[in-house]
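Numbering (full-length UniProt numbering), first residue to last: 1 to 276. For each residue, glycine too, the CB sits at the ideal point set by N, CA and C.
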């Protein structure tokens, strides 16, 4: 006696095949997804790594995106010079030329307007004279003794370019910007057949309680420690000496990685043994 498959059974078989196909597709997609969690102390380079991934794997920043960083570039440049001048008082370093004291007062007065994304010729001239001053350079040479962005010399040595009409930040300008990360920032990029989701969370102590919420589904943890900070103090706690040792302290549950390039300059004036 022959058997016939009903239309209902055929439909059920087709649905089963479709479900199996979708499950395989979802499985293959999940296998190609990599979630990377960036952890580390504040100013350890996490956000820089995120920006590097965008530049390397996502064709970098568009001109429009670069323009959005213009105000940040100006702010970082101005605040770096202000930090040096303020440190001169603490370190008891005088200006090389007495006229620079007037320039410093004008810099403080004009700083608020430039942070909105404009650098006037007057402000640029003041900053160039100050940066060329022997006392300012002497204080910059002792920058390990106070808080100063790593990008300070990069921007201050480029004042002519930054102040030029029609200035558009370059990829390197954007890469070197410093904005404190608060909350959780996700960046997506593709490398070969893998889709990466990189999660960057704030590294300051007040932000670390948010880390636990990011661990679900993580493929790997990249724990960042800035080797160049071996003789620096924490910005949020200047009583704690040795930002590197504090940066490593939460590492017991994570792994570590950090670029080498920023370490070579500080090693010469400040031996590693001095920070023990």
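Residue i and residue j: beta carbons closer than 8 Å?
i, j, result
"residue 94", "residue 135", "yes"
"residue 49", "residue 224", "yes"
"residue 72", "residue 179", "yes"
"residue 156", "residue 131", "yes"
"residue 53", "residue 187", "yes"
"residue 129", "residue 103", "yes"
"residue 74", "residue 119", "yes"
Since I believe residue j is in contact with residue i (beta carbons under 8 Å), could you give me their beta-carbon distance rounded to a whole number of angstroms?
i, j, result
"residue 168", "residue 63", "6 Å"
"residue 46", "residue 181", "7 Å"
"residue 110", "residue 81", "In fact, because the Cβ distance is near 12 Å, the residues do not count as touching under 8 Å."
"residue 87", "residue 146", "4 Å"
"residue 219", "residue 36", "7 Å"
"residue 14", "residue 195", "Wrong, their Cβ atoms sit about 30 Å apart, outside the cutoff."
"residue 201", "residue 23", "Incorrect: roughly 33 Å between the Cβ atoms, too far for contact."
Please identify the residue among the options whose C-alpha is closest to the C-alpha of residue i.
i, options, result
"residue 117", "8, 76 and 10", "76"
"residue 171", "13, 18 and 69", "69"
"residue 101", "85, 90 and 92", "85"
"residue 151", "174, 39 and 21", "174"
"residue 123", "78, 34 and 195", "78"
"residue 58", "185, 127, 192 and 178", "192"
"residue 92", "67, 139, 120 and 121", "139"
"residue 165", "158, 121 and 21", "121"
"residue 278", "9, 7 and 51", "Residue 278 lies beyond the residue range present for the chain, which begins at 1 and ends at 276; the question has no answer from this structure."
Considering residue i, what are the terminal residues of the beta strand (DSSP E) in which it resides?
i, result
"residue 39", "33–40"
"residue 167", "Run containing residue 167: none; DSSP gives neither H nor E here."
"residue 119", "That residue, residue 119, is in no beta strand (DSSP E); it is neither H nor E in DSSP."
"residue 220", "220–224"
For the alpha helix (DSSP H) containing residue i, name the first residue and the last one.
i, result
"residue 200", "Premise fails: residue 200 lies in the beta strand (DSSP E), 194–201, not in any alpha helix (DSSP H)."
"residue 154", "152–156"
"residue 191", "No alpha helix (DSSP H) contains residue 191, which is instead part of the beta strand (DSSP E) from 184–191."
"residue 48", "46–57"
"residue 90", "70–91"
"residue 133", "Per DSSP, residue 133 belongs to no alpha helix (DSSP H) and is neither H nor E."
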